[in-house]
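Visitor: This is the structure I want to talk about, given as structure tokens.
Numbering (the numbering used here), first residue to last: 72 to 225.
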């Protein structure tokens with residue numbers, strides 16, 4: 072099978088995104104309606120990794136970000152890679168596409184939340200140059216602390 076193609080999300084991806092989200096985040100997954108709203112509001116910074124070829128099996132991952140024209144920093148809301156497809160560079164390629172789109176739109180930096188216990192994601196972000204700029208205890212509820220990471224895009 073070839074490497075997944077990185078492309079903009081489409082309406083026909085929404086049900087696949089919901090399934091991918093559940094497989095990745097379990098009880099912490101965004102609900103299905105979130106993807107419809109995110110697609111409508113943030114489509115220009117919503118990318119998927121799609122399998123290609125005769126054995127294609129759907130979406131390998133996604134990244135979703137937002138940026139307001141009057142702000143300097145954009146936000147990555149979520150990055151997910153199918154647990155069975157990790158370790159193949161999909162997160163890097165999704166981040167490449169997302170960061171380039173944000174840079175092209177005028178953002179000068181991007182921020183994101185990451186769990187302090189998610190060592191794999193933390194290592195991916197650190198390798199790209201993200202640095203911790205804040206720590207928020209209980210950010211997503213009791214015991215759900217988050218590190219705030221930032222990457223300069225320019």
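Cβ coordinates follow ideal geometry from the N, Cα and C atoms, glycine included. As the structure is a prediction and not an experimental result, all values here were calculated from the model.
Pairing CB atoms from the segment 133-140 with CB atoms from the segment 170-180, are three or more of them under 8 Å?
Guide: Yes, the segment 133-140 is in contact with the segment 170-180.
Visitor: Exposed or buried, which one is residue 97 when buried takes at least 16 other CB atoms within 10 Å?
Guide: Exposed, by the Cβ-count rule.
Visitor: With which residues is residue 205 paired in a DSSP beta bridge?
Guide: DSSP output for residue 205 lists 219 as bridge partner(s).
Visitor: Tell me which residues share the same chain as residue 145 and place their Cβ nearer than 6 Å to its Cβ, disregarding the 5 neighbours each side in the sequence.
Guide: For residue 145, where only same-chain residues beyond five positions count, the Cβ hits under 6 Å are 136, 138, 173, 178 and 181.
Visitor: Give me the Cβ distance between residue 169 and residue 118, rounded to the nearest whole Å; I'm assuming they're in contact under 8 Å.
Guide: With a Cβ gap of about 6 Å, residue 169 and residue 118 count as contacting.
Visitor: Confirm, please, whether the CB-CB distance from residue 221 to residue 207 is below 8 Å.
Guide: Not a contact, by the Cβ cut-off of 8 Å.
Visitor: Going by DSSP, what residue range makes up the beta strand (DSSP E) through residue 159?
Guide: Per DSSP, residue 159 belongs to no beta strand (DSSP E) and is neither H nor E.
Visitor: Going by C-alpha distance, which of 155, 102, 122 and 159 is nearest residue 149?
Guide: Nearest of 155, 102, 122 and 159 to residue 149, Cα basis: 102.
Visitor: Considering only DSSP beta bridges, list what residue 146 is partnered with.
Guide: According to DSSP, residue 146 bridges with 137 and 182.
Visitor: Kindly indicate the opening and closing residues of the alpha helix (DSSP H) around residue 199.
Guide: It spans 190-199 - the alpha helix (DSSP H) in which residue 199 sits, taken as one unbroken run.
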